[in-house]
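Trainee:
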Amino acid sequence: MASLGWSYRDKPYDPYWGPTSSKANFCEEDYIVTPYIAELINTLTNLTYSMLPFPQAVLYAIHGIYKNWGRKDAFLRNIPYLGIMGVGFGSAFFHATNKYYTQWADDLSMLLATATVMHRVYTYDDRPLHAVLKGLGLAVFLTLFSVWHCLSDEIVGHSALFGVMVVLVGLKTRSIISDRVADPVVKKEVRKLVWWGSGIFISGYVIWNIDNFTCSGLTQAKRKIGMPLSFLLELHGWWHIFTGIGAYIFIALVEYLTSEEAGEPLAGRFAWPVDMFLRKRPRSKPSIVRTGYGTLSAAPENMD
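Structure below.
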């Protein structure tokens, strides 16, 4: 009997998508809210990868793409944002159906999104031809790995490759910070943002494992509390929210570090809530001066 909300069903609905066939299945009870979505909260929280929790419901990915509108290199800048959007949709499709083939979409979208960031940090200062060749090589490798992953029905190799790619991106990002950010104040801000992103990722990972190892107790507590307050105990959903924010931090930070804006103050460049982590540095308003040819132009902006 639920004490604070609506009671859970004794038995789940008949699944619209058919019986569960995925190897991975998480603590949220399947088809307990609706017959059309296997894990409702795990599905909805995947919107964090694409959506900014903001009154206008602006998408994280769309936020990044919009900021790059009109740039000559907008396509290359936007590839990682498209990748994180793919993770959100792929993972949501998996949690909505709990089918084996949709688990592939979840697994492989993670590698694809990480690969786009990896390509960016290792090719941002390359000649276009070299960047294209490295991209093709990475694409061929991931295609072959994906085929093997699906045919062999394994999960260890996927996790190991994902971890290696994340470490390689992290190491390269550290060297880029040292090379491209000279201002000690800005460098401190960049490193603080890296620590925030890492902390959010690690917190999400800890919460996910609590969900894995205390599932029985959590399920009893959720049934006792009742919906919708029990949704707060769907800890795998919190993992999605934390990793969505953490992934956005690193994608936006890599874009900044590999662009011509590297070294400039960070405040005002990131979506909420990331911008709250940064110290606001005052900017003076540009004054309008008249040139010798009678045209108007703005004086250089004082950043400090």
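For the sequence shown, counting from 1, position 230 maps to 267 in the working numbering; every step adds exactly one. Built from N, CA and C at the ideal position, the CB exists for glycine as well.
Taking the alpha carbon of I239 as the reference point, which residue from S128, W276, D144 has its own alpha carbon closest?
Mentor: Here residue 239 is taken as the residue at index 202 of the sequence shown, counted from 1. Answer by Cα proximity: W276.
Trainee: Can you list, in chain order, the residues of its chain whose CB lies under 8 Å from that of L175, leaving out five sequence neighbours each side?
Mentor: Taking the sequence shown and counting its residues from 1, one reaches residue 175 at position 138. Around L175: A152, M155, H156.
Trainee: Could you give the residue range of the alpha helix (DSSP H) that holds A204?
Mentor: As a first step, residue 204 must be located in the sequence shown, where it is residue number 167. It should be pointed out that residue 204 corresponds to Val in this sequence rather than to Ala. 193-217 is the span of the alpha helix (DSSP H), which, as asked, contains V204.
Trainee: Just to check my reading of the structure: E226 and L303 have Cβ atoms closer than 8 Å, yes? What is that Cβ distance to the nearest angstrom?
Mentor: Position 189 of the sequence shown, counting from 1, holds the residue named residue 226. Position 266 of the sequence shown, counting from 1, holds the residue named residue 303. Indeed, because the Cβ distance is near 5 Å, the residues count as touching under 8 Å.
Trainee: How close, in whole Å, do the beta carbons of G123 and L81 come, if the pair is a contact with beta carbons under 8 Å?
Mentor: Looking up residue 123 in the sequence shown gives position 86. Looking up residue 81 in the sequence shown gives position 44. Their Cβ separation, rounded to whole angstroms, is 17 Å, which puts G123 and L81 out of contact at 8 Å.
Trainee: Please classify H167 as buried or exposed, where buried requires at least 16 neighbouring CB atoms within 10 angstroms.
Mentor: Position 130 of the sequence shown, counted from the first residue, corresponds to residue 167. It counts as exposed.
Trainee: Using a 10 Å radius around the Cβ and a threshold of 16 neighbouring Cβ atoms, would you call N83 buried or exposed?
Mentor: Mapped onto the sequence shown, residue 83 falls at position 46. Answer is buried; the Cβ neighbour count reaches 16.
Trainee: Express the C-alpha separation of L255 and Y45 in angstroms, rounding to a whole number.
Mentor: The residue labelled residue 45 in the question sits at position 8 within the sequence shown. The residue labelled residue 255 in the question sits at position 218 within the sequence shown. Whole-angstrom Cα-Cα distance: 14 Å.
Trainee: Going by beta-carbon coordinates alone, are A133 and E76 separated by less than 9 Å?
Mentor: For the purposes of this step, residue 133 is taken as residue 96 along the sequence shown, with counting starting at 1. For the purposes of this step, residue 76 is taken as residue 39 along the sequence shown, with counting starting at 1. Yes, Cβ-Cβ distance for A133 and E76 is below 9 Å.
Trainee: Roughly how many whole angstroms lie between the Cα atoms of D220 and Y50?
Mentor: In the sequence shown, the residue the question calls residue 220 occupies position 183. In the sequence shown, the residue the question calls residue 50 occupies position 13. Looking at the two C-alpha atoms, the distance is approximately 59 Å.
Trainee: If you measure between the beta carbons of I214 and T295, is that distance less than 9 Å?
Mentor: Taking the sequence shown and counting its residues from 1, the one referred to as residue 214 is at position 177. Taking the sequence shown and counting its residues from 1, the one referred to as residue 295 is at position 258. Contact: no.
Trainee: Skipping 5 residues on each side, what residues in its chain have a beta carbon closer than 6 Å to that of W141?
Mentor: Taking the sequence shown and counting its residues from 1, one reaches residue 141 at position 104. Closer than 6 Å at Cβ, skipping near neighbours: C187.
Trainee: Please go through the region 133-170 and give each complete alpha helix (DSSP H) segment of 4 or more residues, from N-terminal end onward.
Mentor: You should have 137-160.
Trainee: At the level of alpha carbons, what is the spacing between D47 and K261?
Mentor: Locating residue 47 in the sequence shown gives position 10, where the first residue counts as 1. Locating residue 261 in the sequence shown gives position 224, where the first residue counts as 1. Computed Cα separation, rounded: 13 Å.
Trainee: What residues are listed by DSSP as bridge partners for I78?
Mentor: Counting from one through the sequence shown, the residue named residue 78 turns up at place 41. DSSP output for I78 lists no bridge partner at all.
Trainee: Label D312 either buried or exposed according to how many other C-beta atoms from any shown protein chain fall within 10 Å of its C-beta, with 16 as the threshold for buried.
Mentor: Locating residue 312 in the sequence shown gives position 275, where the first residue counts as 1. Exposed: under 16 other Cβ atoms inside 10 Å.
Trainee: Count the C-beta pairs between the region 268-285 and the region 198-205 that are closer than 8 Å, then say yes if the count reaches three, no if not.
Mentor: These segments do not touch.
Trainee: Residues in the same chain with beta-carbon distance under 6 Å from V291, minus the five sequence neighbours each way, listed in chain order, please.
Mentor: Along the sequence shown, read from residue 1 onward, the residue named residue 291 stands at position 254. Correct list, in chain order: V154, R157, V158.
Trainee: Any idea what DSSP makes of T256, helix, strand or coil?
Mentor: Locating residue 256 in the sequence shown gives position 219, where the first residue counts as 1. The answer is helix: DSSP assigns T256 an H, G or I state.
Trainee: Quick one: measure Cβ to Cβ for L315 and L230, integer angstroms, because I've assumed they're closer than 8 Å.
Mentor: Position 278 of the sequence shown, counted from the start, is the residue given in the question as residue 315. Position 193 of the sequence shown, counted from the start, is the residue given in the question as residue 230. About 7 Å; that satisfies the 8 Å criterion.
Trainee: Rounding to the nearest angstrom, what Cα-Cα distance links Y285 and G234 in this structure?
Mentor: As a first step, residue 285 must be located in the sequence shown, where it is residue number 248. As a first step, residue 234 must be located in the sequence shown, where it is residue number 197. Cα to Cα, the separation comes out at about 9 Å.
Trainee: Quick one: is F91 buried, meaning 16 or more other Cβ sit within 10 Å of its Cβ, or exposed?
Mentor: Residue numbering aside, residue 91 sits at position 54 when the sequence shown is read from its first letter. Because the pLDDT of F91 is 35, which lies under 50, any placement of that residue in the model is unreliable, and the question is left without a value.
Trainee: Cutting at 6 Å between CB atoms, please list the residues of its own chain near H195, excluding the five before and the five after it.
Mentor: Numbered from 1 along the sequence shown, position 158 holds the residue referred to as residue 195. Only D144, H186 meet the Cβ criterion.
Trainee: Does DSSP put W54 in a helix, in a strand, or in coil?
Mentor: Sequence index remark: in the sequence shown, residue 54 carries index 17 (1-based). It is coil, neither helix nor strand.
Trainee: Keeping to the same chain, check which residues put their C-beta closer than 7 Å to that of G127; ignore five residues upstream and five downstream.
Mentor: Sequence index remark: in the sequence shown, residue 127 carries index 90 (1-based). So the qualifying residues of the chain are A142, D143, S146.
Trainee: Please state the DSSP three-state secondary structure of W43.
Mentor: Position 6 of the sequence shown, counted from the first residue, corresponds to residue 43. DSSP places W43 in strand when its eight states are reduced to three.
Trainee: Using only CA atoms, which one of G120, I288, I247, A299 lies nearest to G207?
Mentor: To locate residue 207, count along the sequence shown from 1; it is residue 170. Considering only alpha carbons, the answer is I288.
Trainee: The alpha helix (DSSP H) spanning E295 covers which residue range?
Mentor: As a working note, residue 295 is residue 258 in the sequence shown. The residue you asked about is not Glu; residue 295 is Thr in the sequence shown. Segment: none, T295 is in no alpha helix (DSSP H) and carries neither H nor E.
Trainee: Under a three-way DSSP split, which group does T251 fall into?
Mentor: Stepping through the sequence shown from its first residue, residue 251 is reached at position 214. T251: coil per DSSP, three-state reduction.
Trainee: Give me, in chain order, the residues of the same chain whose beta-carbon lies closer than 6 Å to that of D163; leave out the 5 immediate sequence neighbours on both sides.
Mentor: Your numbering for residue 163 matches position 126 in the sequence shown. Taken in chain order, the list of residues that qualify is empty.
Trainee: Let me confirm a value: G236 is counted as buried when at least 16 other C-beta atoms fall within 10 Å, else exposed. Which label applies?
Mentor: The count along the sequence shown starts at 1 and reaches residue 236 at position 199. It is exposed - the Cβ of G236 has fewer than 16 other Cβ atoms within 10 Å.
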